[in-house]
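*Asks:* Just so you know, we're using this note's numbering here: the sequence shown kicks off at 4 and counts up by one. What follows is a structure written as structure tokens; I'll ask about it next.
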Amino acid sequence: MEKGAISRDDILKTLREYDELGAESFLELYGFKPARKFLILHDGKEYDSKAVAGVAHKHSQGRTLSWDELRGGVGHAVDWLKREGFQVGVSRSPKWTRDELILACDVVARNGWQGLSSSDPRIGELSDLLQLLAVYPPEQRAAEYRNRNGAAYKSLNIASFHPDYTGKPTNGGRLDREVLRDFLNRPAEMARAAELLREGLRSGELQPVPLPEDEDLDDDVSAPEGRVLYRRHRTRERSKGLRKKKIASILKRGGTLSCEACGFDFARVYGERGEGYIECHHVVPLHEAGEGTTKLADLALICSNCHRMIHRSAPWPTPAELRLLVQEQTSIQGAKLPRPRSAAETAQA
4 MEKGAISRDD ILKTLREYDE LGAESFLELY GFKPARKFLI LHDGKEYDSK
54 AVAGVAHKHS QGRTLSWDEL RGGVGHAVDW LKREGFQVGV SRSPKWTRDE
104 LILACDVVAR NGWQGLSSSD PRIGELSDLL QLLAVYPPEQ RAAEYRNRNG
154 AAYKSLNIAS FHPDYTGKPT NGGRLDREVL RDFLNRPAEM ARAAELLREG
204 LRSGELQPVP LPEDEDLDDD VSAPEGRVLY RRHRTRERSK GLRKKKIASI
254 LKRGGTLSCE ACGFDFARVY GERGEGYIEC HHVVPLHEAG EGTTKLADLA
304 LICSNCHRMI HRSAPWPTPA ELRLLVQEQT SIQGAKLPRP RSAAETAQA
């Protein structure tokens with residue numbers, strides 16, 4: 004695109020020519036190959052972005068830019084097209100996410116770890132669910148995004164990585180193998196996670212989590228059950244109303260706001276600044292936490308550090324299990340672990 008400026012009208016003229024000739028004839032006439040990455044999406048149709056940008060050059064600049072002349076400049080062309088109001092999509096479907104693979108892996112598991120054909124109704128159902136999941140925004144989805152053929156091929160990928168598979172594994176990513184391993188190591192839990200994901204997507208109770216909105220799931224969080232179920236888990240933990248009710252119930256019984264895992268008390272350490280502060284952890288595992296009302300008994304008082312340690316590695320320990328771990332470490336180092344004060348001790352203080 005450095006060769007000369009082109010206008011929106013130049014692009015529209017080129018799109019009309021593209022329609023008149025048809026994609027194959029248009030590309031052959033001007034010596035372009037099908038787009039490998041970007042497509043122009045206009046009036047419900049798809050156009051090869053590189054070819055259109057190169058041919059549009061002739062209207063204002065007097066000649067068409069060749070495939071080789073545009074090499075390396077397609078990113079600039081895409082940016083320009085977007086600024087001019089054109090929608091640009093991708094020609095290849097993006098990578099599969101953990102949530103998508105959980106749904107696909109569950110279908111393969113329920114089929115005896117055998118891949119399925121695109122004509123199988125279960126693949127049709129999987130494709131529909133993947134569309135509902137809508138992990139990627141429209142401009143990042145290719146025309147065949149998570150269709151039956153893509154879903155069927157992914158089922159074959161997963162099946163070929165199973166330890167009992169005797170053939171040559173197909174092409175697949177590291178995440179495919181990770182999710183398969185989770186299903187083999189925790190079959191009941193992962194199957195239940197897939198079931199919750201299906202139910203939540205169908206009912207609308209679970210909202211899709213578009214990709215880059217992953218502030219809740221960073222590198223220090225391990226959630227094999229996927230981002231969507233984890234988002235619901237964190238939403239419940241962060242509910243201000245539930246947190247206030249939990250704190251009030253503890254104080255009403257004469258307890259203190261100290262961590263149930265390590266005994267840390269924010270008020271003791273930070274004084275007035277730490278008064279009334281503590282985090283809540285939803286103790287029901289992701290694969291068990293379906294729809295319904297969260298009970299106060301489902302919440303544990305936890306300090307920030309212990310909360311991070313719980314979420315860091317799956318399977319997540321309970322606060323009691325983490326407390327045992329902390330006790331073991333403190334005994335090794337000769338330190339003494341504080342414990343939450345009882346109601347009687349609080350009254351005497």
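Virtual Cβ for every residue (Gly too), placed ideally from N, Cα, C.
According to DSSP, what are the bridge partners of residue 273?
*Replies:* Within the sequence shown, the letter at position 270 stands for residue 273. Its beta-bridge partners do not exist; DSSP assigns none.
*Asks:* State yes or no: is the C-beta of residue 109 within less than 8 Å of the C-beta of residue 38?
*Replies:* Taking the first residue of the sequence shown as position 1, residue 109 is located at position 106. Taking the first residue of the sequence shown as position 1, residue 38 is located at position 35. No. Outside cutoff.
*Asks:* Starting from the Cα of residue 165, find the closest Cα among 133, 65, 313, 116 and give me that residue.
*Replies:* Within the sequence shown, numbered from 1, the residue matching residue 165 stands at position 162. Answer by Cα proximity: 116.
*Asks:* By how many angstroms is the C-alpha of residue 121 removed from the C-alpha of residue 20?
*Replies:* For the purposes of this step, residue 20 is taken as the residue at position 17 of the sequence shown. For the purposes of this step, residue 121 is taken as the residue at position 118 of the sequence shown. Near 35 Å, if we compare the C-alpha coordinates of residue 121 and residue 20.
*Asks:* Could you give the C-beta distance for residue 14 and residue 60, rounded to a whole number, given that I count them as a contact under 8 Å?
*Replies:* Working through the sequence shown from its first residue, we reach residue 14 at position 11. Working through the sequence shown from its first residue, we reach residue 60 at position 57. The Cβ separation is near 10 Å, so there is no contact.
*Asks:* For residue 282, which residues does DSSP report across the bridge?
*Replies:* Position 279 of the sequence shown, counted from the first residue, corresponds to residue 282. In DSSP, residue 282 forms a bridge with 305.
*Asks:* Where does residue 117 sit, in a helix, a strand or coil, going by DSSP?
*Replies:* Locating residue 117 in the sequence shown gives position 114, counting from the first residue. Reduced to three states, the DSSP call for residue 117 is coil.
*Asks:* Can you look up residue 336 in the DSSP assignment and give me helix, strand or coil?
*Replies:* For the purposes of this step, residue 336 is identified with residue 333 of the sequence shown, where counting begins at 1. In the structure shown, residue 336 sits in coil (DSSP, three-state: anything other than H, G, I, E or B).
*Asks:* DSSP beta-bridge partners for residue 50?
*Replies:* On the sequence shown, residue 50 is found 47 positions in, with the first residue counted as 1. DSSP lists 43 as partners of residue 50.
*Asks:* Here's a check: name, in chain order, each residue in its chain whose Cβ is nearer than 6 Å to the Cβ of residue 160, leaving out the five neighbours to either side.
*Replies:* Residue mapping note: residue 160 aligns to position 157 of the sequence shown, counting from 1. These residues qualify, in order along the chain: 173, 175, 179.
*Asks:* Please work out which residues of its chain come closer than 8 Å, Cβ to Cβ, to residue 354, disregarding the five sequence neighbours upstream and downstream, and give them in chain order.
*Replies:* Residue 354 falls outside the range modelled here, since the chain spans only 4 to 352, and no answer is possible.
*Asks:* Return the residue from the list 64, 320, 90 that minimises the CA-CA distance to residue 144.
*Replies:* The sequence position of residue 144 within the sequence shown is 141, counting from 1. If we check each option's Cα against that of residue 144, 90 comes out closest.
*Asks:* Which residue wins for smallest C-alpha separation from residue 151, given the options 135, 262, 238, 128?
*Replies:* Start at 1 with the first residue of the sequence shown, and residue 151 comes out as number 148. Out of 135, 262, 238, 128, 128 has the C-alpha closest to the C-alpha of residue 151.
*Asks:* Evaluate contact between the stretch 132-141 and the stretch 260-279, counting only Cβ atoms and requiring at least three cross-stretch pairs below 8 Å.
*Replies:* Contact fails: fewer than three Cβ-Cβ distances are below 8 Å.
*Asks:* Alpha carbon to alpha carbon, how far is residue 299 from residue 245? Give it in angstroms, no decimals.
*Replies:* Translated into the one-based positions of the sequence shown, residue 245 becomes position 242. Translated into the one-based positions of the sequence shown, residue 299 becomes position 296. Looking at the two C-alpha atoms, the distance is approximately 7 Å.
*Asks:* Measuring straight from C-alpha to C-alpha, what distance separates residue 98 and residue 119?
*Replies:* For this step, residue 98 is matched to residue 95 along the sequence shown. For this step, residue 119 is matched to residue 116 along the sequence shown. So the two alpha carbons sit approximately 20 Å from each other.
*Asks:* Name the DSSP bridge partner or partners of residue 90?
*Replies:* Translated into positions along the sequence shown, residue 90 becomes position 87. BP columns for residue 90 point to 44.
*Asks:* What's the C-alpha gap between residue 106 and residue 258?
*Replies:* Start at 1 with the first residue of the sequence shown, and residue 106 comes out as number 103. Start at 1 with the first residue of the sequence shown, and residue 258 comes out as number 255. When rounded, the distance between both Cα atoms is 43 Å.
*Asks:* Using the rule of at least 16 other Cβ atoms within 10 Å of the residue's Cβ for burial, across every protein chain shown, is residue 12 buried or exposed?
*Replies:* In the sequence shown, the residue the question calls residue 12 occupies position 9. The residue is exposed, with fewer than 16 neighbouring Cβ atoms inside 10 Å.
*Asks:* Can you tell me whether residue 230 is buried or exposed, with buried defined as 16 or more other CB within 10 angstroms of its CB?
*Replies:* Reading the sequence shown from its first residue, position 227 is the one you call residue 230. The residue is buried, with at least 16 neighbouring Cβ atoms inside 10 Å.
*Asks:* Check whether the Cβ atoms of residue 306 and residue 282 sit closer than 8 Å, and answer yes or no.
*Replies:* The residue you call residue 306 lines up with position 303 of the sequence shown. The residue you call residue 282 lines up with position 279 of the sequence shown. Yes, they are a contact pair.
*Asks:* Sorted by chain position, which residues of the same chain lie with C-beta nearer than 7 Å to residue 130's C-beta, five sequence neighbours on each side aside?
*Replies:* Working through the sequence shown from its first residue, we reach residue 130 at position 127. Excluding residues within five positions, the ones whose Cβ falls inside 7 Å are 149, 150, 151, 154.
*Asks:* Where residue 320 and residue 313 are concerned, what is the direct C-alpha to C-alpha distance, given to the nearest angstrom?
*Replies:* Working through the sequence shown from its first residue, we reach residue 320 at position 317. Working through the sequence shown from its first residue, we reach residue 313 at position 310. Taking the straight line from one Cα to the other gives about 6 Å.
*Asks:* Suppose you measure from the CA of residue 325 to the CA of residue 311; what does that come to, to the nearest Å?
*Replies:* Translated into positions along the sequence shown, residue 325 becomes position 322. Translated into positions along the sequence shown, residue 311 becomes position 308. Going from the Cα of residue 325 to the Cα of residue 311 covers about 11 Å.
*Asks:* Using only CA atoms, which one of 41, 169, 264, 111 lies nearest to residue 309?
*Replies:* For the purposes of this step, residue 309 is taken as residue 306 along the sequence shown, with counting starting at 1. It is 264.
*Asks:* Any idea what DSSP makes of residue 268, helix, strand or coil?
*Replies:* As a first step, residue 268 is located in the sequence shown; it is residue number 265 there, counting from the start. Strand, per DSSP.
*Asks:* Find out if the Cβ-Cβ distance for the pair residue 200, residue 235 is shorter than 8 Å.
*Replies:* Position 197 of the sequence shown, counted from the start, is the residue given in the question as residue 200. Position 232 of the sequence shown, counted from the start, is the residue given in the question as residue 235. No, the pair does not count as a contact, with Cβ atoms beyond the cut-off.
*Asks:* Where does the unbroken alpha helix (DSSP H) through residue 108 begin, and where does it stop?
*Replies:* Here residue 108 corresponds to residue number 105 of the sequence shown, with the count starting at 1. Unbroken alpha helix (DSSP H) run through residue 108: 101-112.
*Asks:* Closer than 8 Å, CB to CB, is residue 266 near chain C or not?
*Replies:* Here chain C cannot be found, since the structure has a single protein chain.
*Asks:* Counting only the same chain and skipping the five closest in sequence on each side, list residues whose C-beta sits under 7 Å from that of residue 243.
*Replies:* For this step, residue 243 is matched to residue 240 along the sequence shown. Taken in chain order, the list of residues that qualify is empty.
*Asks:* Does the beta-carbon of residue 323 have 16 or more other beta-carbons within 10 angstroms, so that it is buried, or is it exposed?
*Replies:* If you number the sequence shown from 1, residue 323 lands on position 320. Its Cβ having fewer than 16 others within 10 Å, residue 323 is exposed.
*Asks:* Is the beta carbon of residue 62 closer than 8 Å to that of residue 16?
*Replies:* Here residue 16 refers to the residue found at position 13 of the sequence shown. Here residue 62 refers to the residue found at position 59 of the sequence shown. Yes. Within cutoff.
*Asks:* Find the nearest neighbour of residue 92 within the set 81, 102, 69, 189, judged by alpha-carbon distance.
*Replies:* Taking the first residue of the sequence shown as position 1, residue 92 is located at position 89. Checked all of 81, 102, 69, 189; the closest Cα to residue 92 is 81.
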